[in-house]
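Q: In numbering that gives the first Met the number 0, the protein residues as written are 0 to 155.
No residue lacks a Cβ here, since even glycine has one placed at the ideal position from N, Cα and C.
None of these values were measured; they are calculated from a predicted model.
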Amino acid sequence: MKSLIFQRSEIINAIYEPTEEECEWKTDVEEEISSNFLTKEEIKEKAKLEEEKKDDPKGIPEFWLTIFKNVDLLSDMVQEHDEPILKHLKDTKVKFSEAGQPMVGSLTFILEFHFEPNEYFTNEVLTKTYRMRSEPDDSDPFSFDGPEIMGCTGQV
Numbered sequence: 000m001k002s003l004i005f006q007r008s009e010i011i012n013a014i015y016e017p018t019e020e021e022c023e024w025k026t027d028v029e030e031e032i033s034s035n036f037l038t039k040e041e042i043k044e045k046a047k048l049e050e051e052k053k054d055d056p057k058g059i060p061e062f063w064l065t066i067f068k069n070v071d072l073l074s075d076m077v078q079e080h081d082e083p084i085l086k087h088l089k090d091t092k093v094k095f096s097e098a099g100q101p102m103v104g105s106l107t108f109i110l111e112f113h114f115e116p117n118e119y120f121t122n123e124v125l126t127k128t129y130r131m132r133s134e135p136d137d138s139d140p141f142s143f144d145g146p147e148i149m150g151c152t153g154q155v
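#1: In whole angstroms, give me the CA-to-CA distance for F62 and K86.
#2: Do you know offhand how far V70's Cα is from E82's?
#3: Which whole runs of the alpha helix (DSSP H) in the stretch 120-152 are 4 residues long or more, in chain order?
#4: Could you spell out the range, first to last residue, of the alpha helix (DSSP H) harbouring D75?
#5: I'd like to check one pair, F120 with T91: are the Cβ atoms closer than 8 Å?
#6: Quick check on I11: buried or exposed, where buried means 16 or more other Cβ atoms within 10 Å of its Cβ?
#7: Would you decide whether L88 is buried or exposed? Buried here means 16 or more other CB atoms lie within 10 Å of its CB.
#8: Expressed to the nearest angstrom, what Euclidean distance is found between the alpha-carbon atoms of S142 and R7?
#9: Do M131 and I148 have their C-beta atoms within less than 8 Å of each other?
#10: Helix, strand or coil: how does DSSP classify T180 here?
#11: Tell me where the beta strand (DSSP E) around T91 begins and ends.
#12: Closer than 8 Å by C-beta to E41: which residues in its own chain qualify, once you throw out the five before and the five after it? Chain order, please.
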């Protein structure tokens, strides 16, 4: 079975189009009711919806721009001049430092931003690497409030 993140990416980018059944969220009671035969009106309505579906766009257009503009933690960071660029964002991924790498009180993670070809830049993937302190300073352990970003590098 594919991971949810991989499935999300395929749906957003129109690689996979979920079926009507996959798009519906039913309770147990609704499933019992839906197993009955359809009425003539329901059949006509279903045919009408199928016809309309042919004109629907594939995937979820501007998915990431919509997410960035509607999530409180991100919406203040998105400026008007960012919007045309973010319309080309296809996927985001996070990669954490692997177990066994020397961390010495720090954690590293990389944000990857995957873009479709666009007129703003040629790279398909832009990255930002963050170093975080994840342990208290030995000289002042009570000042530790939790992980903090110590530095970052990258293209974004």
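A: Let's see:
#1: Roughly 8 Å separates the two Cα atoms.
#2: 15 Å
#3: none
#4: Counting along the chain, D75 falls outside any alpha helix (DSSP H), and DSSP gives it neither H nor E.
#5: no
#6: buried
#7: buried
#8: 40 Å
#9: yes
#10: This structure leaves residue 180 out entirely; the chain is present only between 0 and 155.
#11: 88-95
#12: none
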